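For reference, the structure discussed in these notes is given below.
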Amino acid sequence: VALPPHRAMEFLNGRAPKLEERLAQVEMLPVVSVTTFWDGPGIQGFGCLFPRAEGFRVMGILANSRIFPGRGENSETWIFGGAQDPEILELSDDALLGLITEERARLGFHGHMLHHEIFRWPKAIPHYNLRLEKILSEPPRENNFTLFGTYLGDLGLARELARAKELEF
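Residue numbers (my numbering): 30 to 198.
The structure is reproduced here in structure tokens:
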């Protein structure tokens, strides 16, 4: 079952009660991403992550124009939310765009935003904490169902592919 925890519970629908009970305990965190296009210079490189102590609200920025071919000039994806900022979902589009403009100026980048796309995911990523570790301490199998996903602790495509090879059907 390769679905997020809340969707996996809906899919299982009583067919694996122990798994469903464990899935119900997985705390999912919100993420907001905003892809922007600018007329001025942007981040050089892959992107950057921001420690909360630096005073930025953004968690990280991807420099799309330098990572993905054909993304156009000066495209960036700004990522907000997580455990330390779940309230980000409540910001209006205008407030988000204003925040990005302010934080971008703090980084020394100015210019006019040409276009933007805002995506809100209320249950985007699992909260990787001790509670999740305890929930996952038992094998993710019951009644011929096996759970599969990054919320099981296997982060990154290489780890997911390795885990897929290990599964027995």
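From the three backbone atoms N, C-alpha and C, an ideal C-beta is built for every residue, glycine too.
Only a predicted model underlies this, so the values are computations on that prediction, with no experimental measurement involved.
Coarse secondary structure for S94, derived from DSSP in three states = The residue labelled residue 94 in the question sits at position 65 within the sequence shown. Note: S94 maps to helix in three-state DSSP.
Endpoints, the beta strand (DSSP E) within which A153 is located = Taking the first residue of the sequence shown as position 1, residue 153 is located at position 124. Start and end: 142–155.
For the 8 Å Cβ check, are there 3 or more pairs between the segment 153–162 and the segment 116–131?
-> no
Exposed or buried, E19, counting other C-beta atoms within 10 Å across all chains shown (16 or more means buried)?
-> Residue coverage of the chain in this structure runs from 30 to 198, which leaves residue 19 outside it and unanswerable.
Counting only runs of 4+ residues fully inside the segment 46–95, write out the alpha helix (DSSP H) ranges in chain order.
-> 46–53
Pull up the CB-CB distance for H145 and V63, whole angstroms please, since I reckon it's below 8 Å.
-> As a position in the sequence shown, residue 145 is number 116, starting the count at 1. As a position in the sequence shown, residue 63 is number 34, starting the count at 1. Correct: roughly 6 Å between the Cβ atoms.
Determine the closest residue to G89 out of G110, I96, G69, G99, with distance taken between C-alpha atoms.
-> Here residue 89 refers to the residue found at position 60 when the sequence shown is read from its first residue. Here the closest residue by C-alpha is G110.
Identity of the residues DSSP links to T106 by a beta bridge = Stepping through the sequence shown from its first residue, residue 106 is reached at position 77. T106 pairs with T64, L91.
What number of angstroms, rounded off, separates the C-alpha of Q113 from the C-alpha of V61?
-> For the purposes of this step, residue 113 is taken as the residue at position 84 of the sequence shown. For the purposes of this step, residue 61 is taken as the residue at position 32 of the sequence shown. If I take the Cα positions, the gap works out to 13 Å.
What do you get for E105, buried or exposed, if any count of 16 or more other CB atoms within 10 angstroms of its CB means buried?
-> Taking the first residue of the sequence shown as 1, we reach residue 105 at position 76. Label assigned to E105: buried.
Is DSSP giving E39 helix, strand or coil here?
-> One-based indexing of the sequence shown puts residue 39 at position 10. In the structure shown, E39 sits in a helix (DSSP, three-state: H, G or I).
Three-state secondary structure (DSSP) of E171 | The residue given as residue 171 occupies position 142 in the sequence shown. Residue state, collapsed to three classes: strand.
Should P34 be labelled buried (16 or more other beta-carbon atoms within 10 Å of its own) or exposed?
-> Translated into the one-based positions of the sequence shown, residue 34 becomes position 5. Buried.
Under the three-state DSSP convention, the category A31 falls into = One-based indexing of the sequence shown puts residue 31 at position 2. A31 carries a coil assignment under DSSP once its states are collapsed to helix, strand and coil.
Straight-line gap, L41 to E195 (C-alpha atoms, nearest Å) = Within the sequence shown, residue 41 is the residue found at index 12, counting from 1. Within the sequence shown, residue 195 is the residue found at index 166, counting from 1. Rounded to the nearest angstrom, the two C-alpha atoms are 22 Å apart.
Using the Cα positions of A187 and P168, report the straight-line distance between them to the nearest angstrom.
-> Position 158 of the sequence shown holds residue 187. Position 139 of the sequence shown holds residue 168. For A187 and P168, the distance between alpha carbons rounds to 20 Å.
Using a Cβ-Cβ cut-off of 6 Å (strictly less than) and excluding sequence neighbours within five positions of E56, which residues of its own chain qualify?
-> Sequence index remark: in the sequence shown, residue 56 carries index 27 (1-based). If you ignore the 5 residues before and after E56, its C-beta comes within less than 6 Å of the C-beta of H156, all in its own chain and listed in chain order.
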